[in-house]
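Here the structure is laid out as structure tokens; the discussion comes afterwards.
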Amino acid sequence: HSFGSYAVRIAADRELEGVNVLRTLGLHHISSPEDFGIEVPLHLLDMLQQRIAAGQLAIQPGSVQQHLRRCLSFLTGPARRQLAALCRDQAAVATAAALPQ
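Going by the numbering used here, the first residue of the sequence shown is number -4, and it counts up by one from there.
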């Protein structure tokens, strides 16, 4: 086809990048930028929490918080509130895990 490289097109369009980043995280209900504000289905949110806890995300283990914050930069409305709560929860877990026993 004549569209060119997928990676180049994604990098050139912030909204397409957002769709790609969010779907990589497992938020498969997002298919276009218009979906950035819709509520994340609970089964996807639960699955994301489980994947984070099990270290099963396809990102560097130490960068989960950074990746979640990047995702927040694309989201709005209910979806942003849901992911922000998950981000806070994960930060609390990471802090607790770093405390001496």
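By construction, the Cβ of each residue, glycine as well, lies at the ideal position given by its N, Cα and C atoms.
For alanine 80, the nearest candidate out of Leu43, Ser58, Gln96 (CA to CA): Leu43
For glutamine 60 and cysteine 82, the rounded distance between their alpha carbons: 7 Å
Close Cβ partners of glutamine 51 (< 7 Å) along its chain, the five nearest in sequence each way excluded: none
Cα-Cα separation between glutamine 96 and glutamine 85, rounded to whole angstroms: Those two C-alpha atoms are separated by around 19 Å.
Any 3 or more C-beta pairs closer than 8 Å across the segment 64 to 78 and the segment 14 to 22: yes
Buried or exposed by the 16-neighbour rule on C-beta atoms within 10 Å, applied to glutamine 99: There is simply no residue 99 to check, as the chain begins at -4 and stops at 96 in what is shown.
Environment of glycine 32 [buried if 16+ CB atoms lie within 10 Å]: By the beta-carbon neighbour count (other beta carbons within 10 angstroms, threshold 16), glycine 32 is exposed.
Through-space distance from arginine 75 to leucine 37, alpha-carbon basis: 14 Å
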